[in-house]
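Visitor: Going down the list, the protein sequences come from chains A and B.
For the first sequence, the residue numbers in the working numbering are 1 to 179.
For the second sequence, the residue numbers in the working numbering are 1 to 105.
Note that the Cβ used here is the ideal one computed from N, Cα and C, for glycine as well.
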Amino acid sequence: MQILDPLWVFWTSIILIFMGVSMHRMGPSFKRANFGFPILGLGLLFPLIPSLEFPAPESEIIDSLVSSFPWLFCASVGTMMILRGSPNYGDSNSLAITFGWISIGASCILAIPILSELDSSQAIEGISAIFGFAVGILPFIAGILLSERGSSIDGESAPLSEEEEKLVQTILVRRIGGE
Amino acid sequence: MEIEFSDIASSFSGGIAISSLFFITHIFSTLNRYYRPFYPLIACISAFILATLISSSTSDDPASVSIRESSVDAVTGLFALLPLSLVALAYYLSRVILSMRKSQT
């Protein structure tokens with residue numbers, strides 16, 4: 001007997017992933033942002049519960065995730081290493097960049113068999129899904145525009161204090177140089 | 001392989017459903033006192049209902065099953081095309097490296 005219904009586990013983990021991403025993107029001014037990563041992790045780990053057998057059609061997503069995992073993992077690791085190794089996002093590190101490119105190369109090699117199996121119907125389904133994702137964003141943008149139109153400016157914020165001005169100046173000089 | 005209009009409509013509606021579901025979750029999980037969620041929430045719920053109507057019109061199954069199938073079609077379709085994004089990824093990463101080289105010289 002299964003205690004957890006795999007269907008509920010699947011859709012709950014999808015909601016948790018969405019919640020985790022949204023909370024994480026709220027930024028440091030909201031304490032809720034600290035819960036973003038743990039909730040995202042929970043959402044990603046939930047489907048890995050042993051003995052869970054997902055029903056059709058959800059099992060198809062798990063199958064495509066499993067088949068894409070090797071190249072997705074290599075691409076993610078490679079991207080992280082290259083970005084961490086570049087001075088824009090971390091300390092300059094040629095070794096990390098080299099290993100990052102090797103990882104990206106490996107992900108390309110792993111992805112080629114998947115691409116070669118791609119047929120026209122899958123490609124058209126994928127393109128129409130992308131259109132669907134894009135169209136799904138439009139009502140949200142329209143709703144925001146409508147809300148913004150109805151809102152007024154509550155008041156101007158106070159100018160920066162001398163201490164805050166110095167802090168902003170220090171950050172700018174440190175990041176982009178100059179006096 | 002023959003492509004039917006219902007497959008295209010199913011993936012399209014699945015895409016709308018997943019997007020709407022993401023934004024509905026986003027609105028609830030990021031709710032704060034500076035937020036005016038009424039219109040975006042109504043718009044996203046309407047989009048989800050529209051997606052359900054489209055997907056159920058292309059299938060004989062009940063709406064709850066057809067929207068699940070459409071969402072799965074959309075995600076698997078996206079996964080099938082995802083390897084193509086490696087080209088864009090390699091391009092942007094090489095731009096990061098090139099800008100690093102430029103700043104070093």
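Check each residue of the stretch 45-64 of chain A: if its Cβ is closer than 7 Å to any Cβ of chain B, include it; give the result in chain order.
Guide: If the cut-off is 7 Å between Cβ atoms, the stretch 45-64 of chain A has Pro57, Glu58, Glu60, Ile61 and Ser64 near chain B.
Visitor: Identify whether B:Leu93 lies in helix, strand or coil by the three-state DSSP scheme.
Guide: DSSP places B:Leu93 in helix when its eight states are reduced to three.
Visitor: Can you pull the chain B neighbours of A:Gln169, defined as C-beta to C-beta under 8 Å?
Guide: By Cβ distance, chain B contributes nothing, its closest Cβ being about 22 Å from A:Gln169, past 8 Å.
Visitor: Compute the distance between the beta-carbons of B:Leu86 and A:Ala111, then report whether it is under 9 Å.
Guide: Yes, the pair counts as a contact, with Cβ atoms nearer than the cut-off.
Visitor: For A:Ala111, go through chain B and note every residue whose CB falls closer than 7 Å to its CB, in chain order.
Guide: Simply Pro83 and Leu86.
Visitor: Give the residues of chain A in contact with B:Ser57, contact being defined as C-beta atoms less than 9 Å apart.
Guide: Result: empty, since nearest Cβ-Cβ is about 15 Å, beyond 9 Å.
Visitor: What would DSSP say about B:Ala9, mapped onto helix, strand or coil?
Guide: The answer is helix: DSSP assigns B:Ala9 an H, G or I state.
Visitor: Looking only at its chain, what residues have a beta carbon closer than 8 Å to the beta carbon of A:Ile74, apart from the 5 residues adjacent to it on each side?
Guide: A small fix is needed here, since residue 74 of chain A is Cys in this sequence, not Ile. Result list for A:Cys74: Ser103, Ile104, Ala106, Ser107 and Leu110, in chain order.
Visitor: Nearest-angstrom Cα distance between A:Val77 and A:Pro70?
Guide: Between A:Val77 and A:Pro70, the C-alpha separation is close to 11 Å.
Visitor: Going by C-alpha to C-alpha distance, which of B:Asp7, B:Gly15 and B:Arg95 sits closest to A:Ile137?
Guide: Minimum Cα distance to A:Ile137 is reached at B:Gly15.
Visitor: If you reduce the DSSP assignment to three classes, tell me which class A:Glu165 lands in.
Guide: If DSSP states are grouped into helix, strand and coil, A:Glu165 belongs with the helices.
Visitor: Would you tell me roughly how many angstroms separate the C-alpha atoms of A:Gly36 and A:Val21, rounded to the nearest one?
Guide: Straight-line Cα distance between these residues: approximately 6 Å.
Visitor: Tell me whether A:Met23, by its Cβ, gets closer than 8 Å to a heavy atom of the ligand GDP.
Guide: The model depicted lacks the ligand GDP and carries no ligand whatsoever.
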